[in-house]
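Q: Below you will find the structure I want to go over with you.
Numbering (the numbering used here), first residue to last: 635 to 757.
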């Protein structure tokens, strides 16, 4: 990856995170502000940069793979919410949430591969 591309990814991602944070603070309805906290900045920046540098086919592959990461985000949010409410420890909640995100995203990907393989073997 070239330095210019890395800098552009950093700027796009940082700007997205900053704008999401500002929106979550300024919007008076906290639930709506929380929606901005879940803005998919990394996925958008990744698809954009891959699309610009490697074309639509590679960008499509990134977008397809992000489905598992985004579904894992829902698991992460639920884990953080429940653990935070149960313990009041936000560090613990975030740590377990990240682990839950990774494990669930990988599990969903493996499940899809397994199902695809079984369907392919039937035909």
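Quick reminder that beta carbons are idealized off the backbone N, C-alpha and C, glycines included. Treat the numbers as computed from the prediction; the structure is a model and nothing was measured.
For the alpha helix (DSSP H) containing residue 660, list its first residue and its last residue.
A: Translated into the one-based positions of the chain shown, residue 660 becomes position 26. From DSSP, the alpha helix (DSSP H) with residue 660 extends over 637-660.
Q: If you compare alpha carbons, which of 713, 642, 736, 716 is closest to residue 686?
A: Within the chain shown, the letter at position 52 stands for residue 686. Minimum Cα distance to residue 686 is reached at 642.
Q: Quick check: what's the CA-CA separation for residue 671 versus residue 753?
A: Taking the chain shown and counting its residues from 1, the one referred to as residue 671 is at position 37. Taking the chain shown and counting its residues from 1, the one referred to as residue 753 is at position 119. Distance between the alpha carbons of residue 671 and residue 753: 38 Å.
Q: List the endpoints of the continuous alpha helix (DSSP H) containing residue 668.
A: Within the chain shown, residue 668 is the residue found at index 34, counting from 1. 664-671 is the extent of the alpha helix (DSSP H) around residue 668.
Q: Which one of 738, 678, 695 has the shortest CA to CA distance from residue 651?
A: Here residue 651 refers to the residue found at position 17 of the chain shown. Comparing Cα positions, the closest option is 678.
Q: Using only CA atoms, which one of 694, 724, 740, 730 lies nearest to residue 705?
A: For this step, residue 705 is matched to residue 71 along the chain shown. Residue 740 is the option with its Cα nearest to residue 705.
Q: When you compare only the Cα positions, how much space is there between residue 710 and residue 691?
A: As a first step, residue 710 must be located in the chain shown, where it is residue number 76. As a first step, residue 691 must be located in the chain shown, where it is residue number 57. One C-alpha to the other measures close to 29 Å.
Q: Contact check, residue 657 vs residue 667 under 8 Å by CB: the rounded distance?
A: Counting from 1 along the chain shown, the entry for residue 657 is found at position 23. Counting from 1 along the chain shown, the entry for residue 667 is found at position 33. About 7 Å separates the two Cβ atoms, so the contact holds.
Q: Using 9 Å as the threshold, is the C-beta distance between residue 696 and residue 714 below it?
A: Along the chain shown, read from residue 1 onward, the residue named residue 696 stands at position 62. Along the chain shown, read from residue 1 onward, the residue named residue 714 stands at position 80. Result no, Cβ atoms of residue 696 and residue 714 do not sit closer than 9 Å.
Q: Contact defined as beta carbons within less than 8 Å: I believe residue 693 pairs with residue 684. What is the distance between those atoms, to the nearest angstrom?
A: Walking along the chain shown from the start, residue 693 turns up at place 59. Walking along the chain shown from the start, residue 684 turns up at place 50. Confirmed, about 5 Å.
Q: Quick one: grab the DSSP three-state call for residue 687.
A: Here residue 687 refers to the residue found at position 53 of the chain shown. Looking at residue 687 - three-state DSSP - the assignment turns out to be helix.
Q: With distances taken between CB atoms, is the gap from residue 699 to residue 646 smaller than 9 Å?
A: For the purposes of this step, residue 699 is identified with residue 65 of the chain shown, where counting begins at 1. For the purposes of this step, residue 646 is identified with residue 12 of the chain shown, where counting begins at 1. Not a contact, by the Cβ cut-off of 9 Å.
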